[in-house]
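Asker: The following block contains the structure, expressed as structure tokens.
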Amino acid sequence: MGVRKTYRDLTAVERDRFVQALHHVKSTGLVDRFAQMHASHFFMNIHRSSHFLPWHREMLLRFERRLQEFHPDITIPYWASAVRRSTSDPLWANSFLGQFNSAWNLSRALGSATLPTQQQVKTNRGRGTYNAFWLELESDIHNPPHRWVEGVMGGTASPGDPVFYLHHCWIDMLWVRWQLAHPGAPFVSSGAGAGLNDPLMEWPRRTPAMVLDHHALGYTYDIE
Amino acid sequence: MEPERQEYKGHRIELRARDGHEEVRARAAEHEEERELLIDDQPVRHGQLPDGRYALEDYAYDWTDNLMDLARKFIDYRDRAEEIRREAESGEEN
Numbered sequence: 006m007g008v009r010k011t012y013r014d015l016t017a018v019e020r021d022r023f024v025q026a027l028h029h030v031k032s033t034g035l036v037d038r039f040a041q042m043h044a045s046h047f048f049m050n051i052h053r054s055s056h057f058l059p060w061h062r063e064m065l066l067r068f069e070r071r072l073q074e075f076h077p078d079i080t081i082p083y084w085a086s087a088v089r090r091s092t093s094d095p096l097w098a099n100s101f102l103g104q105f106n107s108a109w110n111l112s113r114a115l116g117s118a119t120l121p122t123q124q125q126v127k128t129n130r131g132r133g134t135y136n137a138f139w140l141e142l143e144s145d146i147h148n149p150p151h152r153w154v155e156g157v158m159g160g161t162a163s164p165g166d167p168v169f170y171l172h173h174c175w176i177d178m179l180w181v182r183w184q185l186a187h188p189g190a191p192f193v194s195s196g197a198g199a200g201l202n203d204p205l206m207e208w209p210r211r212t213p214a215m216v217l218d219h220h221a222l223g224y225t226y227d228i229e
Numbered sequence: 112m113e114p115e116r117q118e119y120k121g122h123r124i125e126l127r128a129r130d131g132h133e134e135v136r137a138r139a140a141e142h143e144e145e146r147e148l149l150i151d152d153q154p155v156r157h158g159q160l161p162d163g164r165y166a167l168e169d170y171a172y173d174w175t176d177n178l179m180d181l182a183r184k185f186i187d188y189r190d191r192a193e194e195i196r197r198e199a200e201s202g203e204e205n
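First to last, the protein sequences are chains A and B.
Numbered by our numbering, the letters in the first sequence go through residues 6 to 229 in order.
Numbered by our numbering, the letters in the second sequence go through residues 112 to 205 in order.
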């Protein structure tokens, strides 16, 4: 089972392998296809909907599997932006994600907004119902890092910036942590077409019910 | 519908009914949004989320139910981002 961990714990070999894999999937057209797919569904049920978390979990999983075709040991690392808040953090060094800014024409402007705080994350973890949890997570914790990075990351085609995957890996980890803290909490639909067994946009054979258990999907997190 | 116009920090914001161009009509139908937003006479693509809130395609992670308010926030945000880019470029040159 693959273990997703903070990018801070990647070895130099793992970091370089991940970077090379990103360049590879960019060359195959996958990055641009995922960016276009995300943009085309942006105003549908993938945001401001109870499908927000399941849809992005499925998306990350599919992206990770393509990275693993480059090297089977790769897992997507996460960027905990409530903790790693500096624009001069190693995450943005040219040896890591910094190189993509000019190479992929991302037009980042790091620091364009305010990142979420650790207190916000802690408070959000304590929400007792799924709908209270995801609504706050999406608007107050997920949205600000998109604005903070700016450029491609700030638009509907944000998966065109590789930091999208590290950011959403953190959001997925926060969902896992909340699931572990609230094992009996049921999935709550936000409206028509956003139920537990309703199809996910783009992948009509996949539903939230199929992705609730991340272990069954073949990965775990370093926090577990 | 009468156009709604506003000056904000030297920029012109306009909200108006979309014209009859087919591509524009198709986009409007897709996002269920009938109004066109322009800043300094340039169209700004936007849409509505499932709860009716607006977001802009290039400023997609700030959601509000008031499109004019969102346009003002976008102007502020864009100015701030440009300032950061200028500072970064200046730093690279020095």
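C-beta atoms are modelled at their ideal positions from N, C-alpha and C, and glycine is treated no differently.
#1: So residue 156/B and residue 167/B are supposed to be a Cβ contact under 8 Å. How far apart are they, rounded?
#2: Can you tell me which of 111/A, 203/A, 76/A and 138/A puts its alpha carbon nearest to the alpha carbon of residue 176/A?
#3: With a Cβ-Cβ cutoff of 7 Å, do residue 172/A and residue 84/A count as a contact?
#4: What does residue 54/A reach in chain B if we use C-beta pairs closer than 9 Å?
#5: Chain B beta carbons: is any one of them nearer than 7 Å to that of residue 117/A?
#6: Determine the closest residue to residue 248/A out of 19/A, 70/A, 228/A and 44/A, with distance taken between C-alpha atoms.
#7: Just to confirm, are residue 160/B and residue 52/A a CB contact at a threshold of 7 Å?
#8: Taking 7 Å as the CB-CB limit, is residue 151/A close to chain B?
#9: In its own chain, which residues sit with a C-beta less than 7 Å from the C-beta of residue 42/A, not counting the 5 before and 5 after it?
#10: Taking CB distances under 7 Å as the criterion, tell me whether residue 87/A reaches chain B.
#11: Just list the residues that DSSP pairs residue 88/A with in beta bridges.
#12: From residue 142/A to residue 196/B, what does the alpha carbon distance come to, in whole angstroms?
#13: Does the beta-carbon of residue 86/A have 16 or more other beta-carbons within 10 angstroms, so that it is buried, or is it exposed?
#14: Quick check for students: name the residue ranges of the alpha helix (DSSP H) that lie wholly in the stretch 51–112 of chain A, counting only runs of 4 or more.
#15: Could you name the residues that DSSP lists as bridge partners for residue 146/B?
#16: Pick helix, strand or coil for residue 1/A, following the three-state DSSP scheme.
#17: With a threshold of 7 Å between beta carbons, is residue 114/A in contact with chain B?
#18: Straight-line CA distance for residue 140/A to residue 160/A?
#19: Are the stretch 59–77 of chain A and the stretch 194–214 of chain A touching, with three or more C-beta to C-beta distances below 8 Å?
#20: Counting only C-beta atoms, is residue 138/A closer than 7 Å to chain B at any point?
Answerer: Taking the structure as given:
#1: 7 Å
#2: 138/A
#3: Yes, Cβ-Cβ distance for residue 172/A and residue 84/A is below 7 Å.
#4: 160, 161 and 162
#5: yes
#6: Outside the displayed span of chain A (6 to 229) sits residue 248/A, for which this structure offers no information.
#7: Cβ distance < 7 Å, so residue 160/B and residue 52/A count as in contact.
#8: Chain B, which has a Cβ nearer than 7 Å to the Cβ of residue 151/A, makes this yes.
#9: Contacts found: 207.
#10: no
#11: Beta-bridge partners of residue 88/A (DSSP): none assigned.
#12: 29 Å
#13: buried
#14: 57–75 and 104–108
#15: 128/B
#16: Only positions 6 to 229 of chain A appear in this structure, which leaves residue 1/A out of reach.
#17: yes
#18: 20 Å
#19: yes
#20: no
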